[in-house]
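Residue numbers (the numbering used here): 135 to 259.
Read through the structure below, which is laid out as structure tokens, and then see the notes.
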């Protein structure tokens, strides 16, 4: 798997900025930001990301709903989705994986190791 474009979905502007800085330390990665579920669906269709980082707790359309709508897209089941959440109890982690998430990154995350965490989850160097 090769990652070039990441769709980052989070309603918190500060998290968007911190995550984007942490991800773009890799010169081969570009980041597209969406602030809501509906915006994520639009950007998914127009930007064709290789990976999605998806916040679970957003107003309106939450992460689970956004995830299921992404999976309904023609190529949506092939793009790995990593959930980002502050709620990381073992039973919740298990339910996210059962949904089909590639993995879970807990908030707050370390922007200096974010790209390494993603690589470990999807199995690339």
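Using N, Cα and C, we set each Cβ at its ideal position, and we do this for glycine too.
Point to revise | Cross-strand partners of residue 216 (DSSP beta bridge) | key: Counting from one through the chain shown, the residue named residue 216 turns up at place 82. DSSP output for residue 216 lists 187 and 237 as bridge partner(s).
Point to revise | Limits of the beta strand (DSSP E) - the one that residue 140 falls within | key: Within the chain shown, residue 140 is the residue found at index 6, counting from 1. That run of the beta strand (DSSP E) goes 139 to 143.
Check your understanding: Taking just the CA atoms, how far does residue 210 sit from residue 147?
Key -> Translated into positions along the chain shown, residue 147 becomes position 13. Translated into positions along the chain shown, residue 210 becomes position 76. Distance between the alpha carbons of residue 147 and residue 210: 25 Å.
Review point. Within 10 angstroms of its Cβ, does residue 144 collect 16 or more other Cβ (buried), or is it exposed?
Key: Indexing the chain shown from 1 puts residue 144 at position 10. Residue 144 is buried by the Cβ-count criterion.
Exercise for review: Just mark residue 200 as buried or exposed, buried being the case when its beta carbon has 16 or more other beta carbons within 10 Å.
Suggested key: Walking along the chain shown from the start, residue 200 turns up at place 66. Residue 200 is buried by the Cβ-count criterion.
Exercise for review: Tell me where the beta strand (DSSP E) around residue 164 begins and ends.
Suggested key: As a working mapping, residue 164 is identified with position 30 in the chain shown. From DSSP, the beta strand (DSSP E) with residue 164 extends over 164 to 168.
Review point. In its own chain, which residues sit with a C-beta less than 6 Å from the C-beta of residue 167, not counting the 5 before and 5 after it?
Key: Residue mapping note: residue 167 aligns to position 33 of the chain shown, counting from 1. Taking C-beta separations shorter than 6 Å and ignoring five residues to either side along the sequence, the partners of residue 167 in its chain run 142 and 150, following chain order.
Check your understanding: Whose C-beta lies closer than 6 Å to the C-beta of residue 251 among residues of the same chain, with five residues either side of it excluded?
Key -> Against the chain shown, residue 251 aligns to sequence position 117. So the list reads 239, once near-sequence residues are dropped.
Practice item. Compute the Euclidean distance between the alpha carbons of residue 164 and residue 225, then round it to the nearest angstrom. Key: Here residue 164 refers to the residue found at position 30 when the chain shown is read from its first residue. Here residue 225 refers to the residue found at position 91 when the chain shown is read from its first residue. Answer to the nearest angstrom: the Cα atoms are 33 Å apart.
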